[in-house]
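Trainee: For what it's worth, my numbering labels the leading residue of the sequence shown as 7, then goes sequentially.
Glycine residues also receive a C-beta, built at the ideal position from the N, C-alpha and C atoms.
Predicted model only: the values in this text are computed from it and were never measured.
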Amino acid sequence: MGDEVNKEEAPPSHIEIEGYAHNSKVEVRQNQDLTLTCIVSDAKPPAQIQWFRGNVEFKP
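1) Using CA coordinates, which residue listed in Q56, I45, N61 is at the minimum distance from G25?
2) Using only the alpha-carbon positions, how far apart do V62 and I55 sit?
3) Specify, as a first and last residue, the run of the beta strand (DSSP E) that E22 falls within.
4) When you compare the CB positions of P66 and W57, do they come within less than 9 Å of one another, or not?
Take a look at the structure:
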């Protein structure tokens with residue numbers, strides 16, 4: 007009973023940063039602009055994305 011899964015909830019089937027290999031390092035020089043796109047597939051409810059630099063949350 008305690009292991010029931012709500013059919014309205016599901017973890018993402020795939021997460022990726024577009025254009026980068028899994029677990030790859032992204033280096034950016036000071037004053038360099040960078041746009042990253044996170045693709046999260048099939049998450050229910052839809053994923054809420056948070057970005058971090060080290061342990062500090064980045065809020066644009």
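Mentor: This is what the structure holds:
1) I45
2) 14 Å
3) 20-23
4) yes
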